[in-house]
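Under the UniProt record's numbering, read the sequence shown as residues 1 to 253, first letter to last. Cβ atoms here follow ideal geometry from the backbone N, Cα and C, with glycine treated the same way. First the structure, in the form of structure tokens, and then the observations on it.
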Amino acid sequence: MNAPPACAVWPLTAAQRVTAEQLAARLELPLAPPEAPPAGYRLLVDANGLRLQDIRPGAPGALRVAAASGNDDRRYRQVGAANESLLRAIGARRGQRPTVIDATAGLGRDALLMAAAGCQVTMIERSALLAAMLEHALGNPVPALKEAVTRLALRVGDAESLMDELDAADVIYLDPMYPDRNRRAMQGKEMRALQELLGPQPDPETLLTAALRHARTRVVVKRPRKAERLAGASPHHQIVGRSTRFDVYLPSP
1 MNAPPACAVW
11 PLTAAQRVTA
21 EQLAARLELP
31 LAPPEAPPAG
41 YRLLVDANGL
51 RLQDIRPGAP
61 GALRVAAASG
71 NDDRRYRQVG
81 AANESLLRAI
91 GARRGQRPTV
101 IDATAGLGRD
111 ALLMAAAGCQ
121 VTMIERSALL
131 AAMLEHALGN
141 PVPALKEAVT
151 RLALRVGDAE
161 SLMDELDAAD
171 VIYLDPMYPD
181 RNRRAMQGKE
191 MRALQELLGP
201 QPDPETLLTA
211 ALRHARTRVV
221 VKRPRKAERL
231 AGASPHHQIV
241 GRSTRFDVYL
251 PSP
């Protein structure tokens with residue numbers, strides 16, 4: 001198995017030097033040297049927050065987590081068809097907003113969509129680097145999303161263990177990045193970065209079983225439209241979009 005790619009914290013101006021030093025110490029990462037390392041990632045620190053940049057030849061632009069300054073916030077302020085599918089899947093409807101644990105937070109985009117719709121969402125992220133980016137964004141959100149961010153909480157660590165510690169939620173939301181033969185999963189910049197940074201994924205059957213044990217009303221699993229079911233388990237029902245599918249599982253009575 002390949003080792004995770006190298007990553008260094010890189011302040012873009014002298015004003016961000018102290019923040020970068022604190023992040024480097026917390027994450028046990030080096031501060032970037034004057035010359036860029038030959039491969040891996042930079043965690044860029046600037047006036048707009050944190051960005052993760054793949055510096056290898058041919059790599060796309062830098063990644064920001066949801067709610068971070070510099071992101072387009074229209075996706076979270078406008079409920080389009082894709083957002084409606086997500087809200088239907090979690091059981092959000094007029095006058096009813098479930099509590100949610102997003103057990104695979106990643107860049108926090110779906111968690112922010114649910115929070116912007118009025119749900120209280122606890123994000124779980126096992127990558128300390130991504131969690132640091134999420135934490136910084138939650139403390140310095142896009143102005144239009146400040147109210148939504150008040151409904152977001154973040155926990156760092158293993159999802160199965162943390163679900164045992166947290167109060168039960170109405171919905172457990174999973175967006176796992178398991179390989180799928182029908183999807184060229186490494187092409188997307190987010191997928192490539194997240195897969196490399198997170199490394200081996202938890203066992204899907206174990207994760208789904210734990211989620212069903214802790215959800216009050218349902219577990220929602222986000223999948224590519226033509227992907228196999230998570231752990232081969234048959235959902236109670238599905239909500240299918242153009243490129244994405246939400247498999248809904250109901251816990252045992």
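query	result
Is residue 123 helix, strand or coil when you go by DSSP?	strand
Give me the Cα-Cα distance between residue 168 and residue 219, rounded to the nearest whole angstrom.	12 Å
Could you please give the first and the last residue of the uninterrupted alpha helix (DSSP H) stretch that includes residue 22?	17–27
Just curious, the beta strand (DSSP E) that residue 51 is in, first and last residue?	49–54
Sort 216, 241 and 134 by Cα distance to residue 250 and report the nearest one.	216
Would residue 101 and residue 172 be called neighbours here (beta carbons separated by less than 8 Å)?	yes
For residue 62 versus residue 44, is the C-beta spacing smaller than 8 Å?	yes
So the alpha helix (DSSP H) residue 109 belongs to, where does it begin and stop?	109–116
Helix, strand or coil: which one does DSSP assign to residue 143?	helix
Between which two residues does the beta strand (DSSP E) harbouring residue 224 extend?	215–224
In the structure shown, what three-state DSSP assignment does residue 164 receive?	helix
Rounding to the nearest angstrom, what Cα-Cα distance links residue 212 and residue 26 in this structure?	34 Å
Using DSSP's beta-bridge definition, name the partner residues of residue 201.	BP columns for residue 201 are empty, so no partner.
Which two residues bound the contiguous beta strand (DSSP E) that contains residue 244?	244–249
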